[in-house]
Every structure is written in structure tokens, then in C-alpha cells.
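Below is one structure, written out as C-alpha cells, with a few remarks after it.
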Amino acid sequence: MTVASRAGAERIGRAFARAKDERRLAVAIYLTVGFPSRAETGPLVVAAIDGGADLVELGVPFSDPLADGATVQRASERALREGTTLGDCLAAARTASGDVAILLMGYANPFLRYRRGLADLATDAAAAGVCGLIVPDLPAEESAEFDDALAPAGLLRIDLYAPTTPDARLQRLVPRSRGFVYCVSLTGVTGARTALGADVRDFVGRVRRHTALPVAVGFGISRPEHVAALRGIADGVIVGSAALDAIAAAPEGRRADALRELVAALVAAGRSA
Amino acid sequence: MIAAARPGRYGEFGGQYLPETLMPAVAELEAAWLAARAEPGFQDELARLLRDWVGRPTPLTDAPRLAEAVGLSRVLLKREDLAHTGAHKINSAVGQALLAKRMGKQRVVAETGAGQHGVASAAACALLGLECVVYMGTVDARRQQPNVFRMKLLGAEVREVDAGSRTLKDAVNEAIRDWVTNVRTTYYLLGSAIGPHPYPAMVKDFQSVIGREARAQTLALCGRLPDVVVACVGGGSNAIGVWSAFLDDRAVKLRGVEAGGEGIASGRHAASIVGGSVGVLHGSRTLVLQDDEGQIRETHSVSAGLDYPGVGPEHALLAQSGRAEYVARTDAEALAGFALLSRTEGIIPALEPAHAIADLRQVALALGRDTIALVCLSGRGDKDLEVVMSRGASPPDRGLVPGGRGTKPPDG
Numbered sequence: 037m038t039v040a041s042r043a044g045a046e047r048i049g050r051a052f053a054r055a056k057d058e059r060r061l062a063v064a065i066y067l068t069v070g071f072p073s074r075a076e077t078g079p080l081v082v083a084a085i086d087g088g089a090d091l092v093e094l095g096v097p098f099s100d101p102l103a104d105g106a107t108v109q110r111a112s113e114r115a116l117r118e119g120t121t122l123g124d125c126l127a128a129a130r131t132a133s134g135d136v137a138i139l140l141m142g143y144a145n146p147f148l149r150y151r152r153g154l155a156d157l158a159t160d161a162a163a164a165g166v167c168g169l170i171v172p173d174l175p176a177e178e179s180a181e182f183d184d185a186l187a188p189a190g191l192l193r194i195d196l197y198a199p200t201t202p203d204a205r206l207q208r209l210v211p212r213s214r215g216f217v218y219c220v221s222l223t224g225v226t227g228a229r230t231a232l233g234a235d236v237r238d239f240v241g242r243v244r245r246h247t248a249l250p251v252a253v254g255f256g257i258s259r260p261e262h263v264a265a266l267r268g269i270a271d272g273v274i275v276g277s278a279a280l281d282a283i284a285a286a287p288e289g290r291r292a293d294a295l296r297e298l299v300a301a302l303v304a305a306g307r308s309a
Numbered sequence: 011m012i013a014a015a016r017p018g019r020y021g022e023f024g025g026q027y028l029p030e031t032l033m034p035a036v037a038e039l040e041a042a043w044l045a046a047r048a049e050p051g052f053q054d055e056l057a058r059l060l061r062d063w064v065g066r067p068t069p070l071t072d073a074p075r076l077a078e079a080v081g082l083s084r085v086l087l088k089r090e091d092l093a094h095t096g097a098h099k100i101n102s103a104v105g106q107a108l109l110a111k112r113m114g115k116q117r118v119v120a121e122t123g124a125g126q127h128g129v130a131s132a133a134a135c136a137l138l139g140l141e142c143v144v145y146m147g148t149v150d151a152r153r154q155q156p157n158v159f160r161m162k163l164l165g166a167e168v169r170e171v172d173a174g175s176r177t178l179k180d181a182v183n184e185a186i187r188d189w190v191t192n193v194r195t196t197y198y199l200l201g202s203a204i205g206p207h208p209y210p211a212m213v214k215d216f217q218s219v220i221g222r223e224a225r226a227q228t229l230a231l232c233g234r235l236p237d238v239v240v241a242c243v244g245g246g247s248n249a250i251g252v253w254s255a256f257l258d259d260r261a262v263k264l265r266g267v268e269a270g271g272e273g274i275a276s277g278r279h280a281a282s283i284v285g286g287s288v289g290v291l292h293g294s295r296t297l298v299l300q301d302d303e304g305q306i307r308e309t310h311s312v313s314a315g316l317d318y319p320g321v322g323p324e325h326a327l328l329a330q331s332g333r334a335e336y337v338a339r340t341d342a343e344a345l346a347g348f349a350l351l352s353r354t355e356g357i358i359p360a361l362e363p364a365h366a367i368a369d370l371r372q373v374a375l376a377l378g379r380d381t382i383a384l385v386c387l388s389g390r391g392d393k394d395l396e397v398v399m400s401r402g403a404s405p406p407d408r409g410l411v412p413g414g415r416g417t418k419p420p421d422g
């Protein structure tokens, strides 16, 4: 393993370790790049970091986001109307500073179309300070092409697992995970929910049997009380639609403040007493 | 036969580009389909429904006046327009609904473009006592009102999709989102030979009845195989179904006709093979219409059933290998084909196979006038009357249509 290939893993590891040292859950914030405008993405990334986010997922807008609910769909449509490109997402990654771990989250097709392909993407993303990719329409069966291209540049691909994943499949695939394991909290698409999925504790337990990596829970996590309820279950939470909803609800000029306040509340809710 | 290197792969195409939540579901589906396929009881029940309820076998119609008009020695029409609910979609819908029932799934979701697959799904679910929800883009629902009414009449719930381009691709997105959310209880009845494995293989299998019948009927009628089999291609289910019986007959040419819309150069079309490039859409790596950033482009076709920015992965391979040839015919050409078949043979085709009809003069130029062409007439045109009337072509100019010998064939 080269020095480069450790870089992404180390930064993700540090993000979770820092949260653990502070006796709290790590908080990952998803932002659709280009929403509500291309110019606002930079300040919003800074606001998420100022609010205490340990990881930031930069959402690459896609025309057909089939794993996403209405919030991310609308944000993606808006971002595409703004003319947002994958190049803009890499530019947004460069605006992030400090210890925060930056990931790109997006569907397979825009990644595959980047310049001359995935190897170019890996090189440029690593240079922009990206630690890894999360690709919701890329299950283990289709991931080799991405993994082969990302590894030489030190980028990870984060695996997602779902409550529907059977134990035998977890046993086979989870040990191969790198960085952290992304547990989808519910059977469904992204989007804010009023309550946590009923079987999250059981599901995270099933995953942990096969890995020592940090486990983060995403999809539907929208309120501080959801984060508090995950203390002692997960190592981190991923919040996306609720962050976009907070941005959308705030008046122009107050959006970064609204996001910073939400993130701070989520971070505080994850702190053990 | 061009076989997949491994299940679900067609060369570099195919696969299962899906959220993890659905991976166990497609594995369960593949296992259930293969088990049902090997079970005589299931096959007998399917054969009975295809005969007594769908009305199979559908006829093969010799079309001499059409043949003369386009300059071919013989045109044979495989009459899927005469299948129950008016299109080939019913073959796969009844097969999959039977499979859903066998799997214990009481709820079915489907997408629809022209409404033909939605109507077929609604009818099959009514027959088998299954709950049916059909997703349809608002643009399509507006241009296919009679089919919306038919679906509701058949007991289905029609959910209009007001996202993206508001057509078939967005209906597929929404059906997949419903499936992700309700996967434990819900069967996704996908209408074309697209999507993740096993759908392209399974839909082809259910549609292969078209090819088996047409091959035997052509041999009985002509004493030999056709020279070319022509079919329209949106996702490509009627084409792959009729071609399935001819893939091994290397002398039989296969010709797929895509929706050229306002012309390939205009950018306003739905020809994913003729005008597309390799990409990932709806669970499959295939040929798609996309921009330089990998965003799926909005498509255009006068025919809602062809208005889709991707194509089944086996078609992508057949195009790459050269086994099949793909061309595009414009909206105007399809409308001329629509009028031509109506006037020459007394058959009003759907706008989808009207693209195949519109290609026949080109077939004659390319292959010569001694050619016997088999055309899959995948559906009937009742649903399209409103669209055709709104195009100001009502009724088509008589002068363009041959009234007898020596009359100039219609122009695009």
C-alpha cells in the first residue's frame, strides 16, 4: 500500500477518532453542490464545518437520483439548472479546510463520464482533498472498476448496507469495507422522517459482528433526538435532507447561519452526558 | 446465439447498478423466475392464460398492398396489436404478475410511458387479484388520457410523476423508489427489457413467444425464413422478443428502428443506440442519451412508448457486435407510416411500430425488392388518435397514399 492509498482512510479514521475522544458521535453533513446556487456552496461547506461537522459529503447532482426522496431530487434539479458540474464539486472540496474529511456522494454515471474516466477523477479528487466516494447505485457486485481506479490515488469507496441485506451477505462483504461502514437506517429512499427506523439497533449490531471499522447511520436522520437515540449504537450519523430543508427554509443571507445552527445542534445531541 | 458471459452481462453491458436495499430483492426475483421457468405447472398456467385470455397465438398477416407501396416483394405483420389490451406488453405483464403471485407479493408497481404497459399490468393484476400502482409522467398522462382511464377502470391506482422530464424515465425512477421503500411486499413489474438483471433476460423470455410463433408462421406461409425482421426499439422488448427466435439464423437480418424525433441532428430524439453513448441508467450499463457531464438528456418522440433515453443491454451488445442494425425514423416519417398502414391494409398501428413501418422503404432500398420482411406490429393505434389529430394530420392527405398500382408511395 502506498502512502497515497492510506491518505483517505487515515483522514476518515481521524474524523471518527476525534469524535470518539470527545465522547460524541461523528457527524457527517450531506450538501448537494450547487444548491441553492453555485455561489452558496462554498459558504455552506464552511458553515457545516464551523458548526462542528466531522465529515462533509459533497452531493454530485444527477438527473435521475433513484435512491433519493423529494428533498434531494429537488435540490439536484435546482443544482443542474444552475449548471453545476462534477468540476464544481471538486472546487467545493478545495474550499474545505481543517481536519474535516471530504467525500463525494453521487450516482455512478457522472463519475464514469468524468474527463477520460475514473482514473482522472481519482487523481483530480485526491488533489482536491477528497477522501473517498459514496455511490448509492453501485453495489459490491459492480464496484471493482471504481475500486481499481480509486485505490492508486488513495481514495476509498464507502460501502452502504441496508436492513434488507441478509446476514450471509454482510458476512461476505462487510469485512472488505474500508474507512467506515454506511448503514442505511431504513428500507427506503433518503429524506427526513419523524421517527428512526425501528430495527436500527438490531441492524447495526448485525453489521458490527463483521467489522471493527466505525459505523455511521444515514437516511432519515433529521432531528437532534434521532442523533441522541443513536448514542451507544452507532459511531456516527449522516444527515442530508434535513440539512437541505434547513437551507431551503432560511431566507437568503441566513442560510449559512441556519445550517451552522442545525449542525451544532446535531453535534451536541450526539455528546454523551 | 449471443449469450451473456455471465448471468446479467451482455459483453460490457448489463449488470445490477442498484441501491444495496434492492440487491436481495433482485436475487430473490432471479431465483423465483428460474424456479418458475423450470416448473411445468407454472408454464402450463402461463400457456393457458396466453391462449385463453391474451388470445395467442396472434396472427401473421400478409400485407401485399403495403408491400407494393414500399417496394418489397412481401411484408408479413406479426399482429401483436391483436393481443388482449392491444399491444405485446401483455405477454410479459401476465407472466410477471403470475410470478409475483407465486412469490407471495400482493402488491405490484409498474411504470408506463404510452400507457400500454400500464394497461397490461393493470389488467393482469385485475385477473390475478393483485393490487396495482402505475407510475406515469404527467406529460405522458396528458397525451395518453384514454389509457389513464383504462388503467383506473381496471382497478389500478395511477400516480402521476411531476419530476424531471415527466415522461417514462421519471416514471421508472419513481417506480424504483416505491420498490426500494416497499420491497418486502412489492413486486416491480418492469415493462421493457431494460433495468437490472434479471429483468432484461426475464422480459425477453416472456416476450420470446412473439418470435417462436412468428418463425413457425413464416415458415408455414412462405416455406422459408424472412430475410429481415424489423421492429421498433424504445427499451426494446418487442424487438428482442421477436428476434429471439432468429438470433441463431445468421442469414436473417435484424433491424431495429429507434425514435428519431425531429431528427438526430436536432438533438430532439430518443435514439439511444443511433445517437447515444455508454452509460449507466436504471440499474444497467447500456447505451444512453447523456450530456458531457453524464446527466441523462431529455428525449423527444411523438410516440410516448419510445420516449426513453436508454435501451436494453442486449440491444447495446447486438449493436456493438453488428448482429443487428439500428436506424432512426423521425416523427414525420412515423406519422406517414401510421397513415400508410391504415390506408393500405386497414390496420391502424400504434405510433411505436409506425416507426418500423416507416423504415420499410429504406429496407427495400438496402436489401432489394425481392426481400421478405417480417415486421413486429407491436400495438394498435387507438391510443394515439388524439396525438395524430393534434398534429394536424387528420385525416392524412389521400394524395400521399397509394390508391392502386403505379401510385407514388408516400413521402416522409
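In order, the protein sequences belong to chains A and B. Numbering-wise, my numbering comes out as the position in the first sequence, counting from 1, plus 36. Numbering-wise, my numbering comes out as the position in the second sequence, counting from 1, plus 10. Backbone N, C-alpha and C fix where the C-beta goes; we use that ideal spot for every residue, glycine too.
In chain B, which residues lie with their C-beta within 8 Å of the C-beta of residue 225/A?
187, 190, 191
Quick one: using the 10 Å Cβ neighbour count with 16 as the cut-off for buried, is residue 33/B buried or exposed?
buried
Residue range of the alpha helix (DSSP H) that includes residue 283/A
In the DSSP assignment, residue 283/A falls within the unbroken alpha helix (DSSP H) covering 277 to 285.
Minimum C-alpha distance to residue 393/B - residue among 112/B, 328/B, 312/B
Looking from the CA of residue 393/B, the closest CA among 112/B, 328/B, 312/B belongs to 312/B.
Who are the near neighbours of residue 256/A in its chain, counting only those whose CB is closer than 6 Å to its CB and skipping five residues on each side?
221, 222, 229
Along chain A, in chain order, which residues have C-beta atoms closer than 7 Å to that of residue 306/B?
99, 100
Residues near residue 290/B in its chain [Cβ-Cβ closer than 6 Å; skip 5 each side]:
27
Less than 8 Å between CB atoms is the rule here; does residue 290/B satisfy it with respect to chain A?
yes
Would you list, in chain order, the members of the stretch 106 to 135 of chain A that have their beta-carbon closer than 8 Å to a beta-carbon of chain B?
109, 113, 116, 121, 122
Since residue 107/A is in the beta strand (DSSP E), which residue starts that stretch and which ends it?
Here residue 107/A belongs to no beta strand (DSSP E); instead the alpha helix (DSSP H) covers 106 to 117.
For residue 159/A, which residues in chain B fall below 8 Å Cβ to Cβ?
By Cβ distance, chain B contributes nothing, its closest Cβ being about 18 Å from residue 159/A, past 8 Å.
Between residue 84/A and residue 67/A, how many whole angstroms is the CB-CB distance? I'm expecting something under 8 Å.
7 Å
Take the Cβ of residue 159/B as the centre, count every other Cβ of all protein chains shown within 10 Å, and call the residue buried at 16 or more, exposed below.
exposed
For residue 208/B, is the classification buried or exposed, using 16 other Cβ atoms within 10 angstroms of its Cβ as the cut-off for buried?
Buried: at least 16 other Cβ atoms inside 10 Å.
Examine the Cβ distances between the stretch 284 to 298 of chain A and the stretch 70 to 88 of chain A and report whether three or more of them are shorter than 8 Å.
yes
On the criterion of 16 or more Cβ atoms from any shown chain inside 10 Å, does residue 141/A qualify as buried, or is it exposed?
buried
Grab the span of the alpha helix (DSSP H) containing residue 161/B for me, first residue to last.
Its alpha helix (DSSP H) spans residues 155 to 163.
Beta-carbon of residue 200/A versus every beta-carbon of chain B: anything under 8 Å?
So, interface residue.
By how many angstroms is the C-alpha of residue 274/B removed from the C-alpha of residue 285/B?
Roughly 7 Å between the two C-alpha positions.
So what's residue 209/B in DSSP terms, helix, strand or just coil?
helix
Close Cβ partners of residue 247/B (< 6 Å) along its chain, the five nearest in sequence each way excluded
202, 203, 213, 217
Using a Cβ-Cβ cutoff of less than 7 Å, which residues in the same chain neighbour residue 165/A once the five nearest sequence positions on both sides are dropped?
129, 130, 132, 138
For the stretch 248 to 265 of chain B and the stretch 330 to 344 of chain B, state whether three or more C-beta atom pairs, one from each stretch, are separated by less than 8 Å.
Yes: the two stretches touch, three or more of their Cβ pairs being nearer than 8 Å.
With a floor of 3 residues, list each beta strand (DSSP E) that falls wholly inside the stretch 59 to 124 of chain B, ordered by position along the chain.
70 to 72, 84 to 89, 117 to 122
Looking at the unbroken beta strand (DSSP E) that takes in residue 242/A, where does it start and where does it end?
Per DSSP, residue 242/A is not a residue of any beta strand (DSSP E); the alpha helix (DSSP H) it occupies stretches across 236 to 244.
C-beta neighbour in chain B for residue 174/A, strict 8 Å:
Cβ-Cβ to chain B under 8 Å: yes for residue 174/A.
Can you tell me whether DSSP reads residue 428/B as helix, strand or coil?
Nothing can be reported for residue 428/B: it is not among the residues displayed for chain B, which extend from 11 to 422.
If you pair each beta-carbon of the stretch 297 to 316 of chain B with each one of the stretch 147 to 166 of chain A, do three or more pairs fall below 8 Å?
yes
Express the C-alpha separation of residue 251/A and residue 233/A in angstroms, rounding to a whole number.
16 Å
Are residue 309/B and residue 323/B close, meaning C-beta to C-beta below 8 Å?
no
Neighbour-count burial assignment, residue 126/B, 16 or more Cβ in a 10 Å radius
buried
How many Å lie between residue 114/B and residue 39/B at the Cα?
12 Å
Can you check DSSP and say which residues form a bridge with residue 68/A?
According to DSSP, residue 68/A bridges with 95/A.
Considering only their Cβ atoms, is the gap separating residue 292/B from residue 171/B smaller than 8 Å?
no
Buried or exposed by the 16-neighbour rule on C-beta atoms within 10 Å, applied to residue 407/B:
For residue 407/B, the predicted model reports a pLDDT of 49, less than 50, meaning its position is unreliable; a value from the coordinates is still stated below. By the neighbour-count rule (16 or more Cβ atoms within 10 Å), residue 407/B is not buried but exposed.
Out of 49/B, 21/B, 82/B, which one is the CA nearest neighbour of residue 375/B?
Ranking 49/B, 21/B, 82/B by Cα distance to residue 375/B puts 82/B first.
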